[in-house]
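Student: This is the structure, below, for whatever I ask next.
Number of protein chains: 2
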Amino acid sequence: MIAEIIAVGSEMLTPFRQDTNSLHITSGLNELGVAVAFKTIIGDNREHLTDAIRIALRRADIIILSGGLGPTEDDLTRECVAEALGTGLTRDESAMELLKKRFAERGIAMSPNNAKQADLLHGATLLQNRSGSAPAQYLQTDSGGYARTIILLPGPPRELKALFNEQCVPLLVKNLPPNAMAKRLLRMALIPESQVDARTAPIYQQYSDVETTILAGSGEIQLHFTCVKPTLEDAQARVDEVAERIEREMGDDVFSAHGESLEEIVLLMLGMRDLKLSVAESCTGGLLSQRLSAIPNASRSFHGGAIVYASEQKENLCGVPWDLIQQKGAVSEEVARVLAEGIRERTGCSLGLSITGIAGPAVTEGPDAGKAVGLVYIGLADGTDTQVKEFHISGDRDRVRLWASQHALEMVRRMLL
Amino acid sequence: MIAEIIAVGSEMLTPFRQDTNSLHITSGLNELGVAVAFKTIIGDNREHLTDAIRIALRRADIIILSGGLGPTEDDLTRECVAEALGTGLTRDESAMELLKKRFAERGIAMSPNNAKQADLLHGATLLQNRSGSAPAQYLQTDSGGYARTIILLPGPPRELKALFNEQCVPLLVKNLPPNAMAKRLLRMALIPESQVDARTAPIYQQYSDVETTILAGSGEIQLHFTCVKPTLEDAQARVDEVAERIEREMGDDVFSAHGESLEEIVLLMLGMRDLKLSVAESCTGGLLSQRLSAIPNASRSFHGGAIVYASEQKENLCGVPWDLIQQKGAVSEEVARVLAEGIRERTGCSLGLSITGIAGPAVTEGPDAGKAVGLVYIGLADGTDTQVKEFHISGDRDRVRLWASQHALEMVRRMLL
């Protein structure tokens with residue numbers, strides 16, 4: 001059973017916009033045991049779209065179209081599906097009533113254009129859209145002797161997701177062989193993908209019924225495991241088994257056994273030990289704080305800190321002696337140490353974490369002149385002891401900043417293990 | 001002249017990965033006056049891919065394939081293009097030599113698989129890849145009586161971009177009618193898209209030779225103008241004319257007339273006036289600092305500040321009296337005022353900017369209990385005067401935080417106008 005997703009809209013053929021709806025639809029279909037074999041992106045063009053639907057009818061069992069259900073002349077999905085199937089559209093009275101009601105409730109006059117949003121493919125089921133004017137349509141039909149399922153969804157992601165999850169998935173479940181998908185996600189920080197693959201492939205390759213996907217990026221390796229079986233229990237047992245064997249192999253390198261982010265894990269570990277963390281950020285300029293504070297209820301364990309982007313602020317906000325900055329440079333083991341201790345003391349927190357480094361461009365004057373772009377010092381003070389580590393991060397400014405924040409979080413996690 | 005882009009690779013049919021190469025290719029083709037009419041994403045499947053290429057040969061003049069040029073059995077693009085064209089592949093001796101040299105330089109044994117990377121379509125030009133082992137191919141051919149240009153590019157974005165920009169574009173230019181594209185980008189913050197469209201449509205609709213794209217999101221509206229003409233001068237004159245008329249209509253709402261981001265503009269305006277800015281962030285937790293410090297050389301005008309995420313830190317780091325927080329709540333006009341003044345004073349900067357608000361979830365105890373999620377106060381102190389504004393931002397935690405940082409930057413910009 002294979003599917004094709006057709007995203008309709010000329011804006012997705014520009015350099016500015018991308019189809020992202022298909023990721024959500026793919027995830028939902030995969031959970032039902034259906035693979036997506038084709039994705040097509042097509043403009044608001046009657047001939048191109050009708051032809052693309054004809055092609056899809058030949059090669060896929062399930063065809064899901066997103067977009068082109070609005071009221072304007074450019075919205076052609078309904079008409080093109082009807083033409084490709086050689087069938088017709090009928091104005092649905094109940095859909096018309098709902099449209100009129102929707103406009104009346106908002107006190108807006110319904111333009112005559114909108115009426116075409118009530119046009120239903122022959123034999124299709126209308127799926128009511130609670131957050132927009134375009135209803136979705138679900139059709140099971142026969143095309144050239146083959147059973148085909150055709151779904152029309154509106155383009156706005158919020159409407160599409162609600163309609164797909166709440167109304168299409170239950171209809172698909174009824175018409176598909178019973179299948180359940182289980183998932184697990186292991187996450188590791190800051191180790192090379194090749195190393196992870198070399199150590200884990202001998203394990204996951206033994207599980208031919210479990211699909212393993214390794215994703216690397218942003219200083220992190222993710223191992224996604226999925227398994228489809230007639231029952232969820234059987235599928236879950238398989239992904240759990242492979243995930244647990246890989247966890248044993250990789251040990252403490254695995255920071256998350258159920259998909260949580262590194263910042264979530266650090267906050268959780270701090271919370272369990274009733275510790276409060278504050279930070280002093282120089283080259284990352286707020287990125288670390290931003291990541292921690294993006295987690296709801298972070299304030300239990302993350303208190304804030306100082307952005308000491310300019311050297312003067314290292315003195316003003318964390319009490320780093322100006323002489324020390326002049327002697328050693330702002331990017332130095334010594335300054336990282338005093339920053340971590342200074343912010344810990346000024347905030348009254350249990351742990352102080354500091355980052356100072358050269359994210360790029362290169363520094364050409366002052367005490368840090370000539371130090372390499374990517375040189376980063378991270379300090380962690382707990383009141384008794386302060387550890388400082390030196391890192392050399394390759395890549396551009398954004399990458400240096402992101403990896404520095406990743407190293408800082410990982411230093412806290414390893415300390416709390 | 002229309003193009004189809006075919007992205008090859010099973011990973012792009014999962015929920016985890018997306019084709020992004022096509023955005024870069026589209027931008028390059030558009031500049032040559034070529035529109036992309038179709039995008040197809042297809043797995044590493046011989047039958048599916050060959051069929052997709054046959055379809056593309058029928059409907060597009062230029063066909064660009066990315067991916068599937070590696071050495072493994074799954075890498076099928078060369079073979080499938082040859083099959084769809086009914087032509088053959090020849091092992092190219094010079095390409096073989098380059099491959100061998102590449103492996104020798106790295107001290108790695110070349111596996112026999114790699115040899116197929118030297119297989120060239122009959123009549124194609126080989127384009128040497130300086131950063132990977134897969135060369136690209138450029139072929140002009142005749143398919144069923146129609147002239148077709150077929151380009152094969154490797155999937156890794158860095159290799160693809162270099163090969164496309166440096167080698168394919170010059171070849172395409174030679175074979176296409178002379179055309180040049182001019183672009184302009186106007187950006188506005190925090191005004192509704194409908195308002196922008198109502199005021200600007202009467203202007204841009206007069207320019208049928210200029211393509212106008214309005215993008216809204218993240219507290220910002222972008223107006224992209226592009227125009228293709230035989231000469232760049234003519235094209236530039238047209239986009240400049242429409243952009244300047246729209247700038248006059250929208251006035252100060254336009255923060256950027258040439259595409260700069262809001263944080264770049266704020267830093268530029270601060271720099272021109274030799275002013276230093278520091279910030280005190282509560283609910284945004286570092287997001288504003290992070291945006292400012294992401295711009296290279298920001299430290300000339302952005303000094304840093306305090307992340308006062310926990311209430312205690314508002315007292316510790318910015319000197320907000322604890323009594324005031326108890327009486328008025330941390331999310332109050334009064335606290336926003338003292339935060340802005342406090343951070344300005346402690347950092348010795350010319351301007352102090354503060355953000356305090358409820359990003360969600362709702363506060364259930366303490367002096368801020370019951371205040372609405374999305375309530376945000378922003379303070380701006382310049383040493384003589386402190387202005388505080390109240391905002392009500394709808395949406396989830398991420399949106400409240402992002403819009404609050406946008407409002408804060410916009411407050412600084414308007415003050416400096």
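Line by line, the protein sequences are chains U and Z.
Residue numbers are given in this note's numbering: position 102 of the first sequence equals residue 102, and the series is strictly consecutive.
Residue numbers are given in this note's numbering: position 298 of the second sequence equals residue 298, and the series is strictly consecutive.
Glycine included, every Cβ here is placed at the ideal spot set by N, Cα and C.
Excluding the 5 residues preceding and the 5 following residue 197(Z) in the sequence, name in chain order all residues of the same chain whose CB lies nearer than 7 Å to its CB.
Tutor: Only 214 meet the Cβ criterion.
Student: Can you tell me whether residue 142(U) is helix, strand or coil according to DSSP?
Tutor: Correct three-state label for residue 142(U): strand.
Student: Count Cβ pairs between the region 15 to 32 of chain Z and the region 381 to 398 of chain U that sit closer than 8 Å; are there 3 or more?
Tutor: Short answer: they don't touch.
Student: Using alpha carbons as the reference points, say which of 367(Z), 392(Z), 365(Z) and 200(Z) lies closest to residue 377(Z).
Tutor: Minimum Cα distance to residue 377(Z) is reached at 392(Z).
Student: Just curious, the beta strand (DSSP E) that residue 100(Z) is in, first and last residue?
Tutor: Looking at the DSSP string, residue 100(Z) is not in any beta strand (DSSP E); the run it does join, the alpha helix (DSSP H), is 93 to 105.
Student: Which residues, taken in chain order from the region 132 to 154 of chain Z, show a beta carbon closer than 7 Å to some beta carbon of chain U?
Tutor: Those would be none; no residue qualifies.
Student: Since residue 302(U) sits in a beta bridge, which residues does DSSP pair it with?
Tutor: Per DSSP, 277(U).
Student: Give me the Cα-Cα distance between residue 285(U) and residue 289(Z), rounded to the nearest whole angstrom.
Tutor: Taking the straight line from one Cα to the other gives about 6 Å.
Student: For a cutoff of 8 Å on Cβ pairs, would you count residue 312(Z) as touching chain U?
Tutor: Judged by the 8 Å Cβ criterion, residue 312(Z) is in contact with chain U.
Student: Identify the contact partners of residue 225(U) in chain Z, using a Cβ-Cβ distance below 8 Å as the criterion.
Tutor: Under the 8 Å cutoff, chain Z gives no residues; its nearest Cβ is about 12 Å from residue 225(U).
Student: Determine which residues share a DSSP beta bridge with residue 377(U) and list them.
Tutor: BP columns for residue 377(U) point to 356(U) and 390(U).
Student: According to DSSP, residue 420(U) sits in a beta bridge with which residue or residues?
Tutor: This structure cannot settle anything about residue 420(U), because the visible part of chain U is limited to 1 through 417.
Student: If distances are taken between C-alpha atoms only, which option among 133(U), 307(U) and 205(U) comes closest to residue 100(U)?
Tutor: Closest option to residue 100(U), Cα to Cα, is 133(U).
Student: Return the chain-ordered ranges of every alpha helix (DSSP H) run that is complete within the region 240 to 273 of chain Z and spans a minimum of 4 residues.
Tutor: Listed in chain order, they are 262 to 272.
Student: Return the first residue and the last residue of the alpha helix (DSSP H) that residue 82(Z) is part of.
Tutor: Per DSSP, residue 82(Z) belongs to the alpha helix (DSSP H) from 77 to 85.
Student: Give me the subset of the region 346 to 376 of chain U whose CB atoms are less than 8 Å from a CB atom of chain C, sorted by chain position.
Tutor: Within the model displayed, chain C is absent; protein chains U and Z are what it includes.
Student: Could you tell me which residues DSSP pairs with residue 66(Z) in its beta bridges?
Tutor: In the DSSP output, where bridge partners are listed per residue, residue 66(Z) has 7(Z) and 153(Z).
Student: Just checking: is the beta-carbon of residue 256(Z) within a distance shorter than 8 Å of some beta-carbon in chain U?
Tutor: So, not an interface residue.
Student: Which whole-angstrom value is the C-beta distance of residue 62(U) and residue 81(U), which I expect to be below 8 Å?
Tutor: That belief does not hold up - the Cβ atoms of residue 62(U) and residue 81(U) are roughly 14 Å apart, past 8 Å.
Student: Name, going along the chain, the residues of the region 276 to 288 of chain U whose beta-carbon falls closer than 9 Å to a beta-carbon of chain Z.
Tutor: Those would be 276, 278, 279, 281, 282, 283, 284, 285, 286, 287 and 288, in chain order.
Student: On the DSSP bridge assignment, give the partners of residue 119(Z) in chain order.
Tutor: Per DSSP, 91(Z).
Student: Going by other Cβ atoms of all chains shown within 10 Å of its Cβ, with 16 needed for buried, is residue 297(U) buried or exposed?
Tutor: Exposed is the call here.
Student: Of the choices 7(U), 369(U), 359(U) and 360(U), whose alpha-carbon is the least far from that of residue 329(U)?
Tutor: Considering only alpha carbons, the answer is 369(U).
Student: In terms of residues, what are the limits of the beta strand (DSSP E) holding residue 108(U)?
Tutor: From DSSP, residue 108(U) is part of no beta strand (DSSP E); its letter is neither H nor E.
Student: For residue 296(Z), go through chain U and note every residue whose CB falls closer than 8 Å to its CB, in chain order.
Tutor: Within chain U, the residues near residue 296(Z) are 360, 361 and 397.
Student: Does residue 50(Z) have its Cβ less than 8 Å from a Cβ in chain U?
Tutor: No, no contact with chain U.
Student: Spatial neighbours of residue 293(U) within its chain, please: CB distance less than 7 Å, with the 5 preceding and 5 following residues excluded, ordered by chain position.
Tutor: Only 302 meet the Cβ criterion.
Student: Assuming residue 7(U) contacts residue 66(U) under a Cβ cut-off of 8 Å, what Cβ separation, rounded to an integer in Å, is found between them?
Tutor: Sure, about 5 Å apart at Cβ, within 8 Å.
Student: Kindly indicate which residue of 162(Z), 145(Z), 273(Z) and 137(Z) has the alpha-carbon position closest to the one of residue 130(Z).
Tutor: Of the candidates 162(Z), 145(Z), 273(Z) and 137(Z), the one whose C-alpha sits nearest the C-alpha of residue 130(Z) is 162(Z).
Student: Are the CB atoms of residue 343(Z) and residue 282(Z) nearer to each other than 8 Å?
Tutor: No, Cβ-Cβ distance for residue 343(Z) and residue 282(Z) is not below 8 Å.
Student: May I have the straight-line CA-CA distance separating residue 313(U) from residue 320(U), to the nearest angstrom?
Tutor: Cα to Cα, the separation comes out at about 9 Å.
Student: Anything in chain Z within Cβ reach of residue 16(U), meaning under 7 Å, just list it in chain order.
Tutor: Those are 213, 215 and 224, listed as they occur along chain Z.
Student: Judging by CA-CA distance, which residue of 221(U), 188(U), 50(U) and 180(U) is the nearest neighbour of residue 235(U)?
Tutor: Nearest of 221(U), 188(U), 50(U) and 180(U) to residue 235(U), Cα basis: 180(U).
Student: What residues in the region 174 to 198 of chain U have a beta carbon less than 8 Å from any beta carbon of chain Z?
Tutor: Flagged: no residues at all.
Student: Give me the residue from 116(Z), 261(Z) and 98(Z) with the minimum Cα distance to residue 78(Z).
Tutor: The option with the nearest alpha carbon to residue 78(Z) is 116(Z).
Student: To the nearest angstrom, how far is it from the Cα of residue 46(U) to the Cα of residue 228(Z)?
Tutor: Using only the alpha carbons, I get a separation of about 25 Å.
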